[in-house]
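**Student:** Numbering (full-length UniProt numbering), first residue to last: 1 to 1209.
Structure representation (structure tokens):
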């Protein structure tokens, strides 16, 4: 279809965009049309997408489309437009004939593109809550945090002590011994409840009903009464139907025997009358109940005995399914329900009670702490706008009036609640609402995606369009895909429209394969699939020398399959990498670093050293350890670990791990790109954690071990996915889920034929109803109500598997290979897809199971490489025992690590953030003797409220954290005080200092920044214009050359009219800087100063908690923070170097993000606020002596110096 023909009238429209049809292209084009045709402003457009990454990509594509049209209008002869944009422009010329007017509109949009709202749905809801918290009745300034695992754990820990440990001992024993089959483990324990609580809290579609009757009950008494009542009910039902059930089970045994099989449970002629055994057992229990409390009989009743193993439907169904029989036991449903109640219902009731209490406690705690997770944002918006009368609601009107054009990306992944909210806001006669998605790619049910929502919305749409031009796959391959899906997706009941290939016809001849769709048949009984795939890859690469292996992808169902394939390929020296969204703490590297840290902490323990020696780090022969016990190598390693433990703070953790890799040159690490990258990423994370904890390795190691435990982990989300640092990649290994949105020249799918209509994934204890959107808790996977849930869930999973196959088959551009197991043909591939091919035998192929020795040598030589081409750490390829100077191996450096190398300073920690409290005592020539001066203004002689605040790194970090979290525009001093108390408690600093700290913080935001900054105060600058904690990485080793002190020092020979010139340049040479890799840092604050944002100058602000006191007075007086003393302090601690690095980072950021950026117009300079030197605001403002307050040191940006550094780095 032609997307230029979509009318931009205010209605709801939907576009179905099959794989490769240009979904993002379409959205970007529709934005352009709305802006230029309807004159819609950038701030009137809302684009909702699925992730932060897709939001960024969409924004870039939108900007690119406007820029491309502008270039065409300026240089039509030299600029080529795609057909869609060219045809649109030809038609638009009829309305707007003046190209300059169009360029004006384009420039206007580009200059205001920062107002364009491209965001995730969660962020959209968060913005609503921030702006309309009073109208909505939600907490103001809530703490948004999706990772509150520690809170879940604390609640369960508390309840475990309060409730579980106070139960009757018999109940505790029964719960502890109970074995279950659940997705959260086999035991009812604390981790089991943490996962249930987390799942319920993060669910936004189905509701968990709060049952008030559980709030104030005695759990032991309640459970005993529950069991007693249900025991009596069971006895009655057993007397009525027990014998009949027994006879039916004998019939089951006979049926199994008749088909020539034998059951271990059911016999046609049981040796003992099992009905009588159960009846006698019941009579015995009932007699004892007359004289004993039921708690004394818990074990006998709840035990998995004959009643459970023989008569319970859990095992009956298991045998029926095992032998594929058809036998109706529905007449015993009531009896089975009674058996369930006394065997599993008791435990289910306990779980329900406990999780109810936990959830009530969680809701109360989150409310008191104003904590919101991502789904709370949606729930709160849902409650306000979907659950109440909104007649004349001001906030609803404001939101609706704000946007005119609303676009929704990846609509097939939208859930029912999200769509209901979107409809409420924008399904009106005043909005152009358009959703783009592909139901055939709806594969995120586990994350809340709901295909039913998509289909319902489709039926509501005024117009539905289908994109039929495919820009991904070749014509030959697309013909195959069209044939495979000519009957649509049968299980999902989705139609498929044939697609037309629009791929560039002039593609490289090396991709012109004769057979673009290959079916490799094999028998899983004869060959391992991973071996077969490896063999195919070897054969393919040897027969196609021109193919770039980076263009090949192997798609799997699970990450474990990626790992298995990777190990096979690496053995043949074939480069490969796993592309996934795996948490870095779940990788092999995480366990390797445990061995290294333990060896640093306890280097004299033989066990630690021997485990490290035999690990992939060193790969020492195990036999050597056994034969020689303490070998010479072990002794050397022990001494090295002792040295490393002493050098940790000086060198940093990154350097130590790097030296370990260099010294032992383990091929298992050097030739494994993923392991190598993961080690680097983890080491960097540990390094930062060490810095934040004053290099206390014991403390950090405990934190690290918690991260290895899923239930205790706090480092979650996108920031902790494994990163790809490698330039040499190799064959891409990825799960199908992670491949969505990607494309490769050649794709292999080895596991599609293993997808069947049977699923073992559906386990409790949480069951979700699609009918009434409720959550049901039951530990049994066989209870009658649960069976209904399972049937629906398994059907949905099977249908999603069909769509997962579609995603896999549509990733390839030129060649697609699937592997088909001839021993497993009852599946989607063989039943629904392959029969649609007219000449299926043409596509079939078989390969030899074994790889010839000559092929192994050839393929190994083809990719023979020494180490990684893109070394994160510098790997020395010469085997030498000489220690490598630290300056040659540091890959991440910082301002702190650079100044620590100056021999005259004892500051020796490699930190990214400078939180150290530096102390200076003024000498007689510097001392102002303020108190002796009669004419001295009073504001100079009254000590700053932070004067008595503790000194040192921890105290400095605490102040930084308070400022970082404080909203400068928030005039609620009580909230500020709460924040301060929270941080003081966290850092274990005396809370009696809180009022003084509050006064100190208020001075910071109310101090005038002087004429150069238009006399602005931080409190004057809007919060959304202030950037805090701006992290950066500056690349070093430009053109392979080290960064050194001499080159940096030359910067300060330029712009001599600015502060810190030639004399300071000489001091830089003393730092002995010599680095490659990256220079990391974090700017405390960046602010724009100007009347308009686009015309503003941008300034770096750094908070300094330096303590400057006089020689005769230990108080911290503002008078000590005059220009001369602060300048001396700047030079003493190399703040000029720091400020110039900050300005370089800001310069690059502005070049990237600020339209028409010019350094001389937009780069302001640096402001150093010495927190302990700021005077009383009122007293200072009464004085008219000075423009600049004590404690404020300002320097304008020396542009020539920054340009020099920009070329150097």
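Even for Gly, the Cβ is constructed at its ideal location relative to N, Cα and C.
Give the straight-line distance between the Cα atoms of residue 637 and residue 975, rounded to the nearest whole angstrom.
**Tutor:** Translated into the one-based positions of the chain shown, residue 637 becomes position 637. Translated into the one-based positions of the chain shown, residue 975 becomes position 975. Computed Cα separation, rounded: 53 angstroms.
**Student:** Whole alpha helix (DSSP H) runs in the stretch 964 to 1029 with 4 or more residues, listed along the chain?
**Tutor:** Entirely contained in the stretch 964 to 1029, the alpha helix (DSSP H) runs reaching 4 residues are, in chain order, 973 to 986, 994 to 1006.
**Student:** Where does residue 430 land, buried or exposed, given buried means 16+ other C-beta within 10 angstroms?
**Tutor:** Numbered from 1 along the chain shown, position 430 holds the residue referred to as residue 430. Counting Cβ neighbours within 10 Å, residue 430 comes out exposed, since fewer than 16 surround it.
**Student:** For the stretch 659 to 724, list the alpha helix (DSSP H) runs that are entirely contained and at least 4 residues long, ordered along the chain.
**Tutor:** Counting only runs of 4 or more, we get 667 to 670, 673 to 692, 697 to 707.
**Student:** Can you grab the Cα-Cα spacing for the pair residue 1064 / residue 599, in whole Å?
**Tutor:** What you label residue 1064 is simply residue 1064 of the chain shown in a count that begins at 1. What you label residue 599 is simply residue 599 of the chain shown in a count that begins at 1. The straight-line gap from Cα to Cα measures roughly 43 angstroms.
**Student:** By how many angstroms is the C-alpha of residue 1070 removed from the C-alpha of residue 1110?
**Tutor:** Start at 1 with the first residue of the chain shown, and residue 1110 comes out as number 1110. Start at 1 with the first residue of the chain shown, and residue 1070 comes out as number 1070. Taking the straight line joining both Cα atoms gives about 29 angstroms.
**Student:** Could you say if the stretch 236 to 253 and the stretch 325 to 335 meet the contact criterion of at least three C-beta pairs nearer than 8 angstroms?
**Tutor:** Segments in contact, yes.
**Student:** Just tell me which of 810, 132, 221, 158 has its CA closest to the CA of residue 393.
**Tutor:** Position 393 of the chain shown, counting from 1, holds the residue named residue 393. Cα-wise, what sits closest to residue 393 is 132.
**Student:** Please state the DSSP three-state secondary structure of residue 48.
**Tutor:** Position 48 of the chain shown, counting from 1, holds the residue named residue 48. It is a strand residue.
**Student:** From the DSSP output, read off the bridge partner residues of residue 408.
**Tutor:** Residue numbering aside, residue 408 sits at position 408 when the chain shown is read from its first letter. Residue 408 is bridged to 48, 435.
**Student:** Give the C-beta separation of residue 345 and residue 230 to the nearest angstrom, bearing in mind that I take them to be a contact with Cβ-Cβ under 8 angstroms.
**Tutor:** Within the chain shown, numbered from 1, the residue matching residue 345 stands at position 345. Within the chain shown, numbered from 1, the residue matching residue 230 stands at position 230. 7 angstroms between Cβ atoms; contact.
**Student:** How is the alpha helix (DSSP H) around residue 538 delimited, first residue to last?
**Tutor:** Here residue 538 refers to the residue found at position 538 of the chain shown. Element bounds for residue 538: 529 to 543.
**Student:** Looking at the unbroken beta strand (DSSP E) that takes in residue 1088, where does it start and where does it end?
**Tutor:** Indexing the chain shown from 1 puts residue 1088 at position 1088. 1078 to 1089 is the span of the beta strand (DSSP E), which, as asked, contains residue 1088.
**Student:** Jot down the residue ranges of each uninterrupted beta strand (DSSP E) in the stretch 1144 to 1201, minimum 3 residues, whole runs only, in chain order.
**Tutor:** Segments of the beta strand (DSSP E) lying fully in the stretch 1144 to 1201: 1163 to 1170, 1192 to 1196.
**Student:** Report yes if the CB atom of residue 1036 is closer than 7 angstroms to the CB atom of residue 1076, and no otherwise.
**Tutor:** Along the chain shown, read from residue 1 onward, the residue named residue 1036 stands at position 1036. Along the chain shown, read from residue 1 onward, the residue named residue 1076 stands at position 1076. Contact flag set, yes.
**Student:** At a cut of 8 angstroms, does the stretch 977 to 986 reach the stretch 1158 to 1169 through at least three beta carbon pairs?
**Tutor:** Touching, no.
**Student:** Report yes if the C-beta distance between residue 746 and residue 815 is below 7 angstroms; otherwise report no.
**Tutor:** For the purposes of this step, residue 746 is taken as residue 746 along the chain shown, with counting starting at 1. For the purposes of this step, residue 815 is taken as residue 815 along the chain shown, with counting starting at 1. Cβ atoms of residue 746 and residue 815: closer than 7 angstroms.
**Student:** Go through its chain and collect everything with a Cβ distance to residue 1147's Cβ below 7 angstroms, but skip five positions before and after it.
**Tutor:** Here residue 1147 is taken as the residue at index 1147 of the chain shown, counted from 1. If we look at residue 1147 and ignore the five residues flanking it on each side, its Cβ neighbours are 1159, 1163, 1202, 1206.
**Student:** Rounded to whole angstroms, how far is the Cβ of residue 520 from the Cβ of residue 820, which I believe are closer than 8 angstroms?
**Tutor:** In the chain shown, counting from the first residue as 1, residue 520 sits at position 520. In the chain shown, counting from the first residue as 1, residue 820 sits at position 820. With 8 angstroms as the limit, residue 520 and residue 820 qualify as a contact, their Cβ atoms being about 7 angstroms apart.
**Student:** Going by other Cβ atoms of all chains shown within 10 Å of its Cβ, with 16 needed for buried, is residue 77 buried or exposed?
**Tutor:** As a working note, residue 77 is residue 77 in the chain shown. The residue in question, residue 77, is exposed, as its Cβ has fewer than 16 Cβ neighbours within 10 Å.
**Student:** What does a CB cutoff of less than 8 angstroms around residue 360 pick up in its chain, not counting 5 residues either side in sequence?
**Tutor:** Walking along the chain shown from the start, residue 360 turns up at place 360. Cβ within range, chain order: 210, 215.
**Student:** Okay, do the stretch 763 to 772 and the stretch 454 to 472 touch, 3+ Cβ pairs below 8 angstroms being the bar?
**Tutor:** Flag = no, the stretch 763 to 772 and the stretch 454 to 472 do not touch.
**Student:** Classify residue 948 as buried or exposed, calling it buried when 16 or more other Cβ atoms lie within 10 Å of its own Cβ.
**Tutor:** Along the chain shown, read from residue 1 onward, the residue named residue 948 stands at position 948. Residue 948 comes out exposed.
**Student:** Under three-state DSSP, which class holds residue 1102?
**Tutor:** Stepping through the chain shown from its first residue, residue 1102 is reached at position 1102. Residue 1102: strand per DSSP, three-state reduction.
**Student:** When DSSP labels each residue in this structure, what does residue 577 get in the three-state scheme?
**Tutor:** The sequence position of residue 577 within the chain shown is 577, counting from 1. Three-state DSSP puts residue 577 in a strand.
**Student:** Quick one: using the 10 Å Cβ neighbour count with 16 as the cut-off for buried, is residue 533 buried or exposed?
**Tutor:** Here the question's residue 533 lines up with position 533 in the chain shown. Residue 533 is buried by the Cβ-count criterion.
**Student:** Count the other CB atoms within 10 Å of the CB of residue 752; is the residue buried (16 or more) or exposed (fewer)?
**Tutor:** The residue labelled residue 752 in the question sits at position 752 within the chain shown. Residue 752 is buried by the Cβ-count criterion.
**Student:** Closest to residue 307 by C-alpha separation, out of 294, 454, 342, would be which residue?
**Tutor:** By one-based count along the chain shown, residue 307 stands at place 307. When each option's Cα is compared against that of residue 307, the closest is 342.
**Student:** Pull up the CB-CB distance for residue 1078 and residue 1033, whole angstroms please, since I reckon it's below 8 angstroms.
**Tutor:** Position 1078 of the chain shown, counted from the first residue, corresponds to residue 1078. Position 1033 of the chain shown, counted from the first residue, corresponds to residue 1033. The Cβ separation is near 5 angstroms, so the contact holds.
**Student:** Name, in chain order, the residues that DSSP records as bridge partners for residue 234.
**Tutor:** For the purposes of this step, residue 234 is taken as the residue at position 234 of the chain shown. None; residue 234 has no bridge partner.
**Student:** Return helix, strand or coil for residue 1116, following the three-state DSSP convention.
**Tutor:** As a first step, residue 1116 is located in the chain shown; it is residue number 1116 there, counting from the start. DSSP places residue 1116 in coil when its eight states are reduced to three.
**Student:** Just to confirm the assignment, what range does the alpha helix (DSSP H) spanning residue 131 have?
**Tutor:** Taking the chain shown and counting its residues from 1, one reaches residue 131 at position 131. Segment 121 to 131, the alpha helix (DSSP H) holding residue 131.
**Student:** Would you mind giving the Cβ-Cβ distance between residue 200 and residue 208, rounded to the nearest angstrom? I have them listed as a contact below 8 angstroms.
**Tutor:** The sequence position of residue 200 within the chain shown is 200, counting from 1. The sequence position of residue 208 within the chain shown is 208, counting from 1. Yes, residue 200 and residue 208 are in contact; Cβ-Cβ is about 5 angstroms, under 8 angstroms.
**Student:** Check the DSSP bridge columns for residue 1032 and list the partner residues they point to.
**Tutor:** Taking the first residue of the chain shown as 1, we reach residue 1032 at position 1032. Partner(s): 1081.
**Student:** Should residue 1121 go down as buried or exposed, given a rule of 16 or more other Cβ atoms within 10 Å for buried?
**Tutor:** Within the chain shown, numbered from 1, the residue matching residue 1121 stands at position 1121. When all chains shown are included, residue 1121 counts as buried.
**Student:** When burial is assigned at 16 or more other CB atoms within 10 Å of the CB, is residue 260 buried or exposed?
**Tutor:** On the chain shown, position 260 is the one that residue 260 refers to. When all chains shown are included, residue 260 counts as exposed.
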